[in-house]
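Undergrad: Protein chains in written order, with the working numbering: chain V, 140 to 220; chain S, 140 to 220; chain Y, 26 to 786; chain A, 7 to 230. Built from N, CA and C at the ideal position, the CB exists for glycine as well.
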Amino acid sequence: MARVIVDVMLKPEILDPQGRAVQGALGRLGLDGVKDVRQGKQFIVDIDGDLEGDRLALMEKLAGELLSNPVIEDFTMRVEA
Amino acid sequence: MARVIVDVMLKPEILDPQGRAVQGALGRLGLDGVKDVRQGKQFIVDIDGDLEGDRLALMEKLAGELLSNPVIEDFTMRVEA
Amino acid sequence: MIDTVQHAIDDTDHPQPYAELGLKLDEYERIRAILGRRPTSSELAMYSVMWSEHCSYKSSKVHLRQFGEKAPKTDALLVGIGENAGVVDIGDGWAVTFKVESHNHPSYVEPYQGAATGVGGIVRDIISMGARPLAVMDPLRFGPLDAPDTKRVLPGIVAGVGGYGNCLGLPNIGGEVVFDDTYLGNPLVNALCVGSMRHEDIHLASAKGVGNLVVLYGARTGGDGIGGVSVLASETFDADGPAKRPSVQVGDPFMEKLLIEATLEVLHAGLVEGIQDLGGAGISCATSELASNGEGGMHVWLDRVLLRDETLSPEEILMSESQERMCAIVTPENLDAFLQMCRKWDVEAVVIGEVNDSGRLTVDWHGERIVDVPPRTVAHEGPVYERPYHRPSWQDALQADTPDSLPRPADGEQLRATLLNMVGAPNLASKSWVTSQYDRYVLGNTVLAQPEDSGMVRVDEETGRGIAISTDCNGRFAKLDPYAGAQLALAESYRNVVAGGAIPLAVTNCLNFGSPEDPEVMWQFAEATRGLADGCLQLGIPVTGGNVSFYNQTGDTAILPTPVVGVLGVIDDVDRRTPMAWGPDGELIYLLGDSRDEFAGSEWAHHVHGHLGGLPPQVDLERERLLGEILVAGSRDGMLTAAHDVSDGGVAQTLVEMALKSGVGARCWVPDGVEPFVFLFGESAGRAVVVVPRSEELRFTEMCAARQLPAHRIGVVDSGLGADAGYDAGEQVLQFSDQFTVTLAELRQAHEATLPAVLQT
Amino acid sequence: MRIGVVTFPGTLDDQDAARAVTIAGGEPVALWHGDDDLKGVDAVVLPGGFSYGDYLRCGAISRFAPVMSSLIPAAEGGLPVLGICNGFQVLCESHLLPGALTRNDSLHFICRDQRLRIERTDTMWTGDFTDGQEIVVPLKNGEGCYVADERTLDEIEGEGRVIARYLEVNPNGSRRDIAGISNARGNVVGLMPHPEHAVEALTGPSVDGLGFFTSVLTSLVGTR
Ligand SMILES: Nc1ncnc2c1ncn2[C@@H]1O[C@H](COP(=O)(O)OP(=O)(O)O)[C@@H](O)[C@H]1O
Ligand SMILES: [Mg+2]
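1) Along chain Y, which residues have their Cβ under 8 Å away from the Cβ of A/G55?
2) Please return the same chain residues whose Cβ sits closer than 6 Å to the Cβ of Y/T679, not counting the five positions on each side in sequence.
3) Using a Cβ cut-off of 9 Å, pull out every chain Y residue sitting near S/V176, in sequence order please.
4) Can you pull the chain Y neighbours of S/V210, defined as C-beta to C-beta under 7 Å?
5) Please report the residue range of the beta strand (DSSP E) in which Y/E379 lies.
6) Per DSSP, Y/R223 forms a beta bridge with which residues?
7) Buried or exposed for Y/H737, going by 16 or more other Cβ atoms inside 10 Å?
8) Taking the beta strand (DSSP E) that Y/A736 belongs to, which residues open and close that run?
9) With distances taken from CA atoms, which of Y/G663, Y/F575 and Y/R555 is nearest Y/E542?
10) Using the three-state DSSP reduction, which class does Y/H415 fall into: helix, strand or coil?
11) For A/V227, collect the residues of the same chain with a Cβ closer than 8 Å to its Cβ; drop the 5 residues on either side in sequence, then sort them by chain order.
12) What does the alpha-carbon distance come out to for the pair V/V145 and V/D213?
13) For Y/A770, is the classification buried or exposed, using 16 other Cβ atoms within 10 angstroms of its Cβ as the cut-off for buried?
14) Out of Y/M605, Y/G698, Y/L705 and Y/T587, which one is the CA nearest neighbour of Y/T207?
15) Among residues of its own chain, excluding the 5 on either side of A/A49, which ones have a beta-carbon nearer than 6 Å to its beta-carbon?
16) What residue range does the alpha helix (DSSP H) around A/N92 cover?
17) Whose Cβ in chain V lies nearer than 9 Å to the Cβ of A/R109?
18) Name, please, each residue of chain V whose Cβ falls closer than 8 Å to the Cβ of S/D189.
19) In chain V, which residues lie less than 9 Å from A/D155 when you measure between Cβ atoms?
20) Between which residues of its own chain and Y/A80 is the CB-CB distance below 7 Å, once the five residues before and five after are set aside?
21) Can you give, in chain order, each stretch of the beta strand (DSSP E) that sits fully within the region 686 to 750 of chain Y and has at least 3 residues?
22) Looking only at its own chain, which residues have a Cβ that is under 8 Å from the Cβ of A/G59, when we skip the five neighbours before and after it?
23) Whose CA, out of Y/G570, Y/A511, Y/A503 and Y/G698, lies closest to the CA of Y/V532?
24) Ends of the alpha helix (DSSP H) at Y/H293?
25) Could you tell me whether any Cβ in chain A is nearer than 7 Å to the Cβ of Y/F279?
26) Would you kindly work out how many angstroms separate the C-alpha atoms of Y/F279 and S/D155, rounded to a whole number?
27) From Y/H128, Y/W629, Y/E486 and Y/L327, pick the residue whose C-alpha is nearest to that of Y/E379; which is it?
28) Give the straight-line distance between the Cα atoms of S/G188 and S/R142, rounded to the nearest whole angstrom.
29) Exposed or buried, A/G133, counting other C-beta atoms within 10 Å across all chains shown (16 or more means buried)?
30) Y/L769 by DSSP, collapsed to three states: which one?
31) What is the DSSP secondary structure of Y/H669, counted as helix, strand or coil?
32) Using DSSP's beta-bridge definition, name the partner residues of Y/M447.
33) DSSP state of A/Y58, grouped into three classes?
34) Here's a check: name, in chain order, each residue in its chain whose Cβ is nearer than 6 Å to the Cβ of A/G84, leaving out the five neighbours to either side.
35) Going by DSSP, name the residue or residues bridged to A/C117.
36) Check the Cβ of V/A160 against every Cβ in chain A and list those closer than 7 Å, keeping chain order.
Printed below as a string of structure tokens:
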């Protein structure tokens, strides 16, 4: 059993209205000095057996093509055994 | 300058239609053995100065009340200096 | 440890948590008497949810009977009260079903999901009748606009209604947004759905045919919402359900869309003998109702239910209120075809039971019998209460406290200021901050939607046959006099439907009240119900269904009694609808009906003076009916360019809304014998403003005279008044002769700024 | 002329798109997401809706549907394809069109009658409009904010591939007020607003949307 965690974030040059809205709200609720907020997605994928070789490569490919859109997003992926 | 990373996930007992849709897609695209997928949010908050004492407590409170909805979501928060 | 029937027989004195499940001791004793032993824990779960106020209508039943007893004779009713939703014949072989339901308490706890699942639930009611859903509506009520909790609750509820309905592909064609202090700790989220079908496609919830199979299909069953609707809707908030399960249901509109398509396919293919949606009380409700309406026997293998969470106990599976599930009765020969259509739509389906003639509902869990009950005692023979009620001690004082001595605007300048203030009042201001979050175009059949008087959709693309619906209620009127208030709600809804040119056919309602255990609230309920039933009889339109929501209160303070009434009308060609925007220069503006000095419960008294007292406007349902006949005839014979009913905010509000919608100004005057202030802001019932082309004036006024409906010419559409009034020549203005002039730009600003100013973040 | 209309699970405006095709004088042909057979149609409309619930990202899951495995090469080969709203999102996710559509800057779903200017009339879907023509059609979306990096934006502007722009109000924060774009060849067009809801005076704010559907019929006749 493996657990794959994929974090997806908008590329820095793409406007993030949700992050901006959160930044505004944090300020209004009294948290000073918030410079920037980005809102991304996190996927937790639980998968049977070991994730190696071809399956690992496929997971990596899908993280980059399905779970994230390379036109606007970056992703990171890590596997926890 | 501190960086706060807040991960927000639906509580395990709450239905996650997004995760289910992703699970279905991963399977159709040839990744076998996917047992479960949960989709959550990640916030990256960059904040001036050190985050300690009251400000840290406030950030923690807002992570639990603003960034996540305690009725249906759990969160974890970590601070990177 | 599974509590089996055998175990219940052997260990019959085992103490049971009936009180925590919301059952009273005598109710528990009755269950024991029915079964001749103590119930198993699964049986107790079933009885407790099915006998809750929400599912059993135990406090309201004795009053609701009037809707049947006093039902007017009509051929239009194909299926009456008691089914998932009533069905009305609209002609040409078409039938329509509609219903409104509340999701008040869940929406307070979790606004987005509460409202979303409210929409999801009512849509399933409509598809379970065999109808294709056509549209949704959402009557909403909140605390004061500027209250912090309103800012928490309102955006979430609106996003939830929109999120679910938009994703399902159902146009939102109307609703209400009302603000009042009493809803602060208890907002009202009512949701309406309407659907259409051919007569031969009507389906009912019954399990007929020994040997037929019970198929559960749709989403998997999870732990969400256990005790949700029932606990939340029946008792007040502090009594939360079983601790380890969240009492919030999460909706999946995508699954519901697939469920609609799959359901309509299996129904049209003739693969279904009976069908039932799963809402409050989940599998308990669906199986006991299906069995009780059918041959009277059913066996269920509960361990076959597909689960999202393998740790669920059988009691929890029986009670789970997971969304997006349906139950169908299918013959063994049709099973494969049924399952295949489900697969086409990626919908999971599994046989969980079988119809038999045992007269019992039996449930097994891995080979052990955990339920063995007569299904009628669960579904239909729950407790019925004659709750005590009496006229509130404060009612006389409230009615004696008339608005007559409130200071009124004295001259044109003050009237003008009052108008600008009123059109921006939260209850009268533009609701487009809300409605612009709703898709009103999808399906391509929406003929009228917000801000029109009614929502109108085309049912038949060939002939243009269509329907119109409006929902209304002024809770302040209902507080002043619940009997009259319910009739005023009915009258307003009726008027909104006829204003568009449709002929009213049927009524649905959502009766939102405080605690039925409070005799004064119970009196409000009894009076409102009586008023509505009498009113429907007089107008000749039957109540086909509805919903009761009790326990809407914060502490001891109940909400305004809020009997929301929805009227459905038919129009044989939607091309002949009457919109609210007036046409070109020179058309004549008429006020139909009588204007009296009636301000009790009015928006003016509420908004300007914070006053509530006196007797509500006079109700004259014969007059409403006559007004309706004139408006329908005017539409049918092409005599009217526009029509708009007069209600909250009076004639002034009506004229402003018509002018803003069309963007063209008008010159108006006050008819003889009426005080300007009373004319502009009074809220007498039975009135509408219509716009008549000059060529039709004689024909129209003669018709009104012949039918003895008062018709006063009160204005003329005029785009060229700007220069006379000292503005730029092109400036559009509304001019009240001898009183004041105001530009449409000022009115628009006042009307449209209110909601965004508070809600835009 | 046979125009395919694709239905994915969660597609909502397929019946409207088919109606628009009919009113324009074409013959609508239903195409199913799970079937890679394009049935020999002359053009395809990807209608609006919430395919796969719009979970993950709008259009992200639909892109991998069997029908797309035929449609993508056909579009690259010149088959006229119009993606409306969710269909536009699918086209971007499929990389038939550049850029992406993200959450509206207001963070709300928005439904309004939207004024647009037609910027280019030499695509297969806009030929019946006049240059610079202003039209009003419904707009309804939650994720309609068109984004791309500056280089890409400059490139599509430079090649004249912006086919429609928002006027008066930019309802969702789209870069450079972009409401619709085409590919270089002009056969694939993506549009956020909904022309299929503006084909009958009775139910739409105008009949301006019809032009998209008549355009493709006209251009197909021309190429035959
Ligand atoms: N929550 C809502 N959802 C959809 N439409 C709404 C909602 N609230 C108000 N509307 C629409 O806005 C318009 C104005 O509402 P209202 O003033 O209550 O109408 P009326 O007084 O004619 O009943 C109507 O078309 C109504 O259907
Ligand atoms: Mg009205």
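TA: This is what the structure holds:
1) The residue labelled residue 55 of chain A in the question sits at position 49 within the fourth sequence. Chain order gives the chain Y residues near A/G55 as G194, where near means a beta carbon separation below 8 Å.
2) In the third sequence, counting from the first residue as 1, residue 679 of chain Y sits at position 654. Excluding sequence neighbours, Y/T679 sits near H669, V671 and V714.
3) In the second sequence, residue 176 of chain S corresponds to position 37, counting from 1. Within 9 Å Cβ-Cβ: nothing; S/V176 doesn't reach chain Y, min ~13 Å.
4) The residue labelled residue 210 of chain S in the question sits at position 71 within the second sequence. Neighbours of S/V210 on chain Y, chain order: V134, E135 and V273.
5) Here residue 379 of chain Y refers to the residue found at position 354 when the third sequence is read from its first residue. Counted as a single uninterrupted DSSP element, the beta strand (DSSP E) harbouring Y/E379 occupies residues A374 to N381.
6) Taking the third sequence and counting its residues from 1, one reaches residue 223 of chain Y at position 198. Paired residues: Y/W119.
7) Position 712 of the third sequence, counted from the start, is the residue given in the question as residue 737 of chain Y. When all chains shown are included, Y/H737 counts as buried.
8) For the purposes of this step, residue 736 of chain Y is identified with residue 711 of the third sequence, where counting begins at 1. That run of the beta strand (DSSP E) goes A736 to V742.
9) Within the third sequence, numbered from 1, the residue matching residue 542 of chain Y stands at position 517. The shortest Cα separation from Y/E542 among Y/G663, Y/F575 and Y/R555 belongs to Y/F575.
10) Looking up residue 415 of chain Y in the third sequence gives position 390. When secondary structure is reduced to three states using DSSP, Y/H415 falls in the coil class, being assigned neither helix nor strand.
11) As a working mapping, residue 227 of chain A is identified with position 221 in the fourth sequence. These residues qualify, in order along the chain: M7.
12) Position 6 of the first sequence, counted from the start, is the residue given in the question as residue 145 of chain V. Position 74 of the first sequence, counted from the start, is the residue given in the question as residue 213 of chain V. Taking the straight line joining both Cα atoms gives about 10 Å.
13) By one-based count along the third sequence, residue 770 of chain Y stands at place 745. Y/A770 is exposed by the Cβ-count criterion.
14) The residue labelled residue 207 of chain Y in the question sits at position 182 within the third sequence. Considering only Y/M605, Y/G698, Y/L705 and Y/T587, the residue with the shortest C-alpha distance to Y/T207 is Y/T587.
15) By one-based count along the fourth sequence, residue 49 of chain A stands at place 43. Cβ neighbours of A/A49 beyond the five flanking positions: I9, P86 and V222.
16) Working through the fourth sequence from its first residue, we reach residue 92 of chain A at position 86. In the DSSP assignment, A/N92 falls within the unbroken alpha helix (DSSP H) covering N92 to E99.
17) In the fourth sequence, residue 109 of chain A corresponds to position 103, counting from 1. At a beta-carbon threshold of 9 Å, the residues of chain V lying near A/R109 are D155, P156 and Q157, ordered along the chain.
18) As a first step, residue 189 of chain S must be located in the second sequence, where it is residue number 50. The premise fails here: S/D189 is roughly 10 Å from chain V at the closest Cβ pair, so nothing lies under 8 Å.
19) Translated into the one-based positions of the fourth sequence, residue 155 of chain A becomes position 149. Here the neighbours are K150, E152, I153, V210 and I211.
20) For the purposes of this step, residue 80 of chain Y is identified with residue 55 of the third sequence, where counting begins at 1. The question names Ala, but residue 80 of chain Y in the sequence shown is Cys. Excluding sequence neighbours, Y/C80 sits near V74, S255, G305, A306 and C310.
21) Counting only runs of 3 or more, we get 691 to 693, 713 to 717 and 736 to 742.
22) On the fourth sequence, position 53 is the one that residue 59 of chain A refers to. Cβ neighbours of A/G59 within its own chain (closer than 8 Å, five residues either side excluded): G16.
23) As a working note, residue 532 of chain Y is residue 507 in the third sequence. Comparing Cα-Cα distances from Y/V532 to each of Y/G570, Y/A511, Y/A503 and Y/G698, the minimum goes to Y/G570.
24) In the third sequence, counting from the first residue as 1, residue 293 of chain Y sits at position 268. Following the DSSP letters along the chain, one finds Y/H293 inside the alpha helix (DSSP H) bounded by residues P278 to H293.
25) The residue labelled residue 279 of chain Y in the question sits at position 254 within the third sequence. Y/F279 belongs to the set of residues whose beta carbon lies under 7 Å from a beta carbon in chain A.
26) As a working mapping, residue 279 of chain Y is identified with position 254 in the third sequence. As a working mapping, residue 155 of chain S is identified with position 16 in the second sequence. Computed Cα separation, rounded: 12 Å.
27) The count along the third sequence starts at 1 and reaches residue 379 of chain Y at position 354. Nearest C-alpha to Y/E379: Y/L327.
28) Position 49 of the second sequence, counted from the first residue, corresponds to residue 188 of chain S. Position 3 of the second sequence, counted from the first residue, corresponds to residue 142 of chain S. Going from the Cα of S/G188 to the Cα of S/R142 covers about 10 Å.
29) What you label residue 133 of chain A is simply residue 127 of the fourth sequence in a count that begins at 1. By the 10 Å Cβ count, A/G133 comes out buried.
30) For this step, residue 769 of chain Y is matched to residue 744 along the third sequence. The answer is helix: DSSP assigns Y/L769 an H, G or I state.
31) In the third sequence, counting from the first residue as 1, residue 669 of chain Y sits at position 644. Strand, per DSSP.
32) By 1-based counting over the third sequence, the position of residue 447 of chain Y is 422. The partner list for Y/M447 (beta bridge, DSSP) is empty, contrary to what the question assumes.
33) Along the fourth sequence, one-based indexing puts residue 58 of chain A at 52. In the structure shown, A/Y58 adopts helical secondary structure according to DSSP, grouped into three states.
34) Here residue 84 of chain A refers to the residue found at position 78 when the fourth sequence is read from its first residue. Excluding sequence positions up to five before and after A/G84, its CB lies within less than 6 Å of the CB of N193, all in the same chain and listed in chain order.
35) For the purposes of this step, residue 117 of chain A is taken as residue 111 along the fourth sequence, with counting starting at 1. Residue pairing by DSSP places A/C117 opposite A/K146 in a beta bridge.
36) By one-based count along the first sequence, residue 160 of chain V stands at place 21. Those are L113, listed as they occur along chain A.
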